[in-house]
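Numbering (the working numbering), first residue to last: 4 to 308.
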């Protein structure tokens, strides 16, 4: 298989633009479902003991919580996840921030409704702490992109490569976030970890291509920059696809067997690997070509002028 990257630049840029626009519409239209890490509040992971899986009904739990909510208003707007297995049902209940007394009252009231249950975990994050964590997470992504820009600039002595890499990474982040917004999964600290992982994965794939471009620029002195870019992408294509496929299969295994707690993290990684592969092959190389040709033409104009 041989790709003609330069000839298909309009198609590559159009696909990327459409995906980014749709993702931004989802992010700002539907919005994010922020987890307790960023929104603040309380989260309880509770295991109910069962003789049979059919014994647990979420409707009964909802009725019980509605009764308790008459005394504890924070329970009126809760988010609940249920995972039923043989012999137990694990329920995650997320509420707005409770005081210590309200937490005790909630658990006492719950024990009057259910005889056998165990609190697997209980977390509390203040609204101000959640806001601070959200800000720090955003800055970590910004600093990550800046560091990558500086690294590419130093490694290749070429600002065009650095700019195109950062644009491609931003493209990957936006689309990955858009998919999570569409699915309604919680945005939490594992999501940020997944995004940072995507940055590292995607930039590595891009660096492989740019390394080959630099190498071929020295060898193929009679070729145009567009020809060199096409040759370089095709020389690294098999490696890029094989690496991405292997990584994706490992992520798919986690997605299938990792459970609900890993869902946001693994889904973000899966989307990021696919989009990152596309952006490193098509978007980053196309942008690098356009920026480099613009720079070459500008130098020619200065010499001729």
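Even glycine gets a Cβ: it sits at the ideal position worked out from N, Cα and C.
No experiment lies behind these values; they were computed from the predicted model shown.
Between the C-alpha atoms of residue 269 and residue 253 there is a straight-line separation of about 10 Å. The alpha-carbon of residue 212 is positioned some 30 Å away from that of residue 267. Around the beta carbon of residue 182, a 10 Å sphere encloses 16 or more other beta carbons of the protein chains shown; the residue is thus reported as buried. Of all C-beta pairs linking the stretch 226-244 to the stretch 279-290, three or more are shorter than 8 Å, placing the two stretches in contact. Taken in chain order, the complete beta strand (DSSP E) segments of 3 residues or longer contained in the stretch 16-58 are 44-52. Taking a C-beta distance under 8 Å as the contact criterion, residue 122 and residue 46 do not qualify as a contact pair.
Spanning the alpha carbons of residue 49 and residue 159 requires a straight line of approximately 53 Å.
Residue state for residue 92 is assigned as strand, using DSSP reduced to three classes. DSSP places residue 124 in the strand class (E or B) of the three-state scheme. Between residue 271 and residue 208, the C-beta gap is not smaller than 8 Å, which leaves the two residues out of contact. With a threshold of 16 other beta carbon atoms within 10 Å, residue 295 meets it and is buried.
Note on residue 103: under 16 other CB atoms within 10 angstroms of its CB, so exposed under the neighbour-count rule. Note: residue 98 is bridge-paired with 45 in the DSSP secondary-structure output. Considered as a whole, the stretch 136-172 harbours no complete run of any alpha helix (DSSP H) with no fewer than 4 residues. Distance from residue 202 to residue 162 at the Cβ level is roughly 19 Å; contact not present, criterion being Cβ atoms closer than 8 Å. Here the stretch 23-43 makes contact with the stretch 191-202; the two share three or more CB pairs at distances below 8 Å.
When the five nearest sequence neighbours on each side are left out, the beta carbons in the same chain lying within less than 7 Å of the beta carbon of residue 169 are those of 148, 151, 152, in order along the chain. For residue 75, the three-state secondary structure derived from DSSP is coil.
Bounds of any alpha helix (DSSP H) do not take in residue 119, whose DSSP letter is neither H nor E. Residue 178 and residue 23 do touch by the CB rule: their CB atoms are close to 7 Å apart, below 8 Å.
Ranked by how close their Cα comes to the Cα of residue 184, the residues 9, 19, 7, 28 have 28 in first place. With at least 16 other beta carbons inside 10 angstroms of its own, residue 215 counts as buried.
Shown here for residue 133: same chain residues with a beta carbon closer than 7 Å to its own, the five before and five after excluded, namely 40, 41, 42, 43 in chain order. For residue 12, the three-state secondary structure derived from DSSP is helix. Taking the CA atoms as reference points, residue 176 sits about 17 Å from residue 32.
By the criterion of a C-beta distance shorter than 6 Å, residue 26 is surrounded in its chain by 177, 178, 181, once the five residues flanking it on both sides are discounted. Residue environment analysis places residue 92 among the buried positions, since at least 16 neighbouring C-beta atoms fall within 10 angstroms of its C-beta.
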